[in-house]
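Inspection log for the structure reproduced underneath, given as structure tokens.
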Amino acid sequence: MPSSYEEIKRYKWTEELSRSAVVMALVNNGSEISNSTIASTLGVNLRTVQRIRKKLDDTWDVDATIKRAFKEEGADRKVRGTEFVDNMK
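Position in the sequence shown counted from 1, then plus 1, gives you our numbering.
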């Protein structure tokens, strides 16, 4: 059993849990809390907090805000040929 919060701090939070905490902070504070305060308190990237706040304001759908957007099959990255990569070196 951990003996201090420092030991617990090393726990790797899942992305969904982190996003849930951000949404909860926004909802419980009536969106009065600043993005930077949420980011520093929860240890989440500031840009992530900004995106979550915007999505929540746009959709008012908590579940959709917490879950990542589904990517379609055709949304793969473009693969470059070896000739292109060699030219870039």
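Even for Gly, the Cβ is constructed at its ideal location relative to N, Cα and C. The model shown is predicted, which means the values in this text are computed figures rather than measured ones.
- Between S37 and L27, the CB-CB gap reaches or exceeds 8 angstroms.
- About 6 angstroms separates the beta carbons of V24 and V63, which is inside the 8 angstroms limit, making them a contact pair.
- Annotation: K90 to G82 spans about 13 angstroms, alpha carbon to alpha carbon.
- Sequence-distant Cβ neighbours of A22 in its own chain, meaning closer than 7 angstroms and more than five residues away, are L43.
- Within the same chain, Cβ atoms closer than 8 angstroms to the Cβ of I34 are found at A26, L27, the five residues on either side in sequence being excluded.
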